[in-house]
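Notes to accompany the following structure.
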DNA sequence: ATGGTGGCTGGGCCA
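In the numbering used here, the protein residues as written are 5 to 262.
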């Protein structure tokens, strides 16, 4: 089973590239972020034609998360779990696909340290952890993936000196991410790869991709039962090339059958 | 070259 996550930065602008990538790679599940589509505008038919069921949690021209699957799509839940203060934006969608509960997440950017949006980012991560505590055990098959807008450690940015007191690397948000992981999940990329300088996002501005100025802010967290079945994690850097790319590329996790 | 890109829109904000 191949599970992928990709911040597509507008599914309207990116549909042809997403279709081409899905056609080539044939993921069993693809989680998307930043669809930037209203709920009813999601192109379900385009994915049905390729053999996928799909679910979307949209809000309009911003945010929006989706999951497409060809191994089942059940227990679809937009937003955080019942009993937890709901997000006012469309940033998390959860479903069960092929026996694994998978969440497609678009964590708030934060804008600047101590900005209201940064406090929202920290609160959002707390509510993600609370959702897991309320609905799952660490022994469940769970994958939480998406655009976390956090570089987990200094290996995950191109030049740490450029990020003094900046969002994506600040201690409180890294601690908030660690708290999410302490539910009982691991960054599956780091399970297989220890090197730095492997990125999932490059700014559109200033030729960042060609200079190697990126960050690893997209990943798949998984509980131990899933990690124990994992065989490979990869990042499709080629997806950043060519005409009209997203500024993020797909990250993929391969899991053996249970 | 003192700005650089790209998406939302339809001027300026956001990433």
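Using N, Cα and C, we set each Cβ at its ideal position, and we do this for glycine too.
Report task. Assign residue 37 to one of three DSSP states: helix, strand, or coil. Result -> Locating residue 37 in the first chain gives position 33, counting from the first residue. Of the three classes helix, strand and coil, the one that applies to residue 37 here is strand, per DSSP.
Query raised in the report: Taking Cβ to Cβ, would you say residue 40 is nearer than 7 Å to residue 58?
Result: Position 36 of the first chain, counted from the start, is the residue given in the question as residue 40. Position 54 of the first chain, counted from the start, is the residue given in the question as residue 58. No, Cβ-Cβ distance for residue 40 and residue 58 is not below 7 Å.
Query raised in the report: Roughly how far, in whole angstroms, is the beta-carbon of residue 206 from the beta-carbon of residue 217, given that I think they are within contact range, below 8 Å?
Result: In the first chain, the residue the question calls residue 206 occupies position 202. In the first chain, the residue the question calls residue 217 occupies position 213. So it is a contact: roughly 7 Å between Cβ atoms.
**Report entry** Presumed contact (8 Å Cβ cut-off) between residue 126 and residue 176, rounded CB distance
**Finding:** Your numbering for residue 126 matches position 122 in the first chain. Your numbering for residue 176 matches position 172 in the first chain. About 6 Å separates the two Cβ atoms, so the contact holds.
Query raised in the report: residue 162 lies in the beta strand (DSSP E); which residues open and close that run?
Result: Against the first chain, residue 162 aligns to sequence position 158. Taken as a continuous stretch (DSSP letters only), residue 162 belongs to no beta strand (DSSP E), as it is neither H nor E.
Query raised in the report: DSSP three-state call for residue 127: helix, strand or coil?
Result: Translated into the one-based positions of the first chain, residue 127 becomes position 123. If DSSP states are grouped into helix, strand and coil, residue 127 belongs with the helices.
Report task. Take every Cβ of the stretch 135-150, pair it with every Cβ of the stretch 43-60, and state whether three or more of those distances are shorter than 8 Å. Result -> no
Query raised in the report: Are the beta-carbon atoms belonging to residue 37 and residue 122 less than 7 Å from one another?
Result: Translated into the one-based positions of the first chain, residue 37 becomes position 33. Translated into the one-based positions of the first chain, residue 122 becomes position 118. No, the pair does not count as a contact, with Cβ atoms beyond the cut-off.
Query raised in the report: Contact between the stretch 141-154 and the stretch 97-111: three or more CB pairs below 8 Å?
Result: yes
**Report entry** Backbone secondary structure at residue 25 - three-state DSSP
**Finding:** For the purposes of this step, residue 25 is taken as the residue at position 21 of the first chain. It is helical.
Report task. For residue 223, count neighbouring Cβ atoms within 10 angstroms of its own Cβ and tell me buried if that reaches 16, exposed if not. Result -> Residue numbering aside, residue 223 sits at position 219 when the first chain is read from its first letter. So residue 223 counts as buried.
Query raised in the report: Using a Cβ-Cβ cut-off of 6 Å (strictly less than) and excluding sequence neighbours within five positions of residue 131, which residues of its own chain qualify?
Result: As a position in the first chain, residue 131 is number 127, starting the count at 1. The answer, listed in chain order, is 84 and 88.
Query - Closest by C-alpha distance to residue 188, when choosing among 231, 25, 253 and 98 - result: Taking the first chain and counting its residues from 1, one reaches residue 188 at position 184. When each option's Cα is compared against that of residue 188, the closest is 231.
Query raised in the report: Can you give the Cα-Cα distance for residue 3 and residue 98, rounded to whole angstroms?
Result: No information on residue 3 is available, as it lies outside the stretch 5 to 262 that the chain covers here.
Query raised in the report: Does DSSP classify residue 75 as helix, strand or coil?
Result: Reading the first chain from its first residue, position 71 is the one you call residue 75. Coil at residue 75, not helix or strand.
**Report entry** Rounded straight-line distance, which links the Cα of residue 257 to that of residue 194
**Finding:** Translated into positions along the first chain, residue 194 becomes position 190. Translated into positions along the first chain, residue 257 becomes position 253. If you take the alpha carbons of residue 194 and residue 257, they lie about 12 Å apart.
Query - Cross-strand partners of residue 99 (DSSP beta bridge) - result: Your numbering for residue 99 matches position 95 in the first chain. Answer is 106, bridged to residue 99.
Query raised in the report: Alpha carbon to alpha carbon, what distance is there between residue 255 and residue 10?
Result: Within the first chain, residue 10 is the residue found at index 6, counting from 1. Within the first chain, residue 255 is the residue found at index 251, counting from 1. Between residue 10 and residue 255, the C-alpha separation is close to 7 Å.
Query raised in the report: Which of helix, strand or coil does DSSP assign to residue 4?
Result: Past the edges of the chain, shown from 5 to 262, lies residue 4, and the structure says nothing about it.
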